[in-house]
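*Asks:* For the sequence shown, the working numbering assigns the number 11 to the initial residue and increments by one for each residue that follows.
By construction, the Cβ of each residue, glycine as well, lies at the ideal position given by its N, Cα and C atoms.
Because the structure is a prediction, the values reported are computed rather than measured.
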Amino acid sequence: MSECIFCKIAEKKIKAEIVSETGKVMVIKDINPQAPTHLLIIPKAHYPTLMDCEDRELLGELLQTAQNIARELGLEDRGFRTVINTNEEAGQTVFHLHMHFMAGRPLTGRMG
Ligand code: 5GP
Ligand code: ZN
11 MSECIFCKIA EKKIKAEIVS ETGKVMVIKD INPQAPTHLL IIPKAHYPTL
61 MDCEDRELLG ELLQTAQNIA RELGLEDRGF RTVINTNEEA GQTVFHLHMH
111 FMAGRPLTGR MG
């Protein structure tokens with residue numbers, strides 16, 4: 011997927027602030043943060059949307075990565091929001107599966 015920005019980040023062809031990385035998943039800082047903490051949990055493999063991924067282990071790893079981040083940042087009790095936007099009406103803009111991880115201010119308003 012040569013034209014995909016997240017594939018390029020995974021391949022280190024484009025720079026990003028990488029927070030952590032395992033074999034299959036990377037966590038980067040969102041370039042346009044909507045909260046004091048706004049990270050993106052991204053599988054390295056290319057799936058355009060959530061609906062294209064049937065790898066249960068990988069889908070589980072995305073959520074476990076969110077748990078790990080929450081623990082590392084001490085956000086378990088204070089709270090955080092995880093969001094996966096899928097397709098047009100949800101406002102998905104990058105068509106490479108990713109989960110937003112947001113925290114650090116009251117997230118009472120609009121989802122996402
Ligand atoms: P979506 O709207 O698809 O759910 O979220 C895409 C997110 O990716 C947006 O929050 C946007 O700011 C972020 N984003 C888009 N391009 C880049 C980039 O090149 N680097 C990083 N770090 N984030 C990006
Ligand atoms: Zn991609």
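Distance check for LEU73 and ARG66, CA to CA, integer angstroms please.
*Replies:* Stepping through the sequence shown from its first residue, residue 66 is reached at position 56. Stepping through the sequence shown from its first residue, residue 73 is reached at position 63. Cα to Cα, ARG66 sits roughly 11 Å from LEU73.
*Asks:* Classify THR75: buried if its beta carbon has 16 or more other beta carbons within 10 angstroms, exposed otherwise.
*Replies:* To locate residue 75, count along the sequence shown from 1; it is residue 65. By the 10 Å Cβ count, THR75 comes out buried.
*Asks:* For GLU99, which option in ASN78, THR59, LEU68 has the closest C-alpha, if you only look at C-alpha atoms?
*Replies:* Taking the first residue of the sequence shown as 1, we reach residue 99 at position 89. Closest by alpha carbon: THR59.
*Asks:* Between LYS23 and ASN97, what straight-line distance do the alpha-carbon atoms span, to the nearest angstrom?
*Replies:* In the sequence shown, residue 23 corresponds to position 13, counting from 1. In the sequence shown, residue 97 corresponds to position 87, counting from 1. Approximately 26 Å between the Cα atoms of the pair.
*Asks:* Please determine, among ASP62, SER30, PRO53, GLY101, the residue with the shortest C-alpha to C-alpha distance to LEU83.
*Replies:* Locating residue 83 in the sequence shown gives position 73, counting from the first residue. Answer by Cα proximity: SER30.
*Asks:* Any heavy atom of the ligand 5GP closer than 7 Å to the beta-carbon of LEU50?
*Replies:* To locate residue 50, count along the sequence shown from 1; it is residue 40. Yes, since a heavy atom of the ligand 5GP falls inside the 7 Å radius drawn around the Cβ of LEU50.
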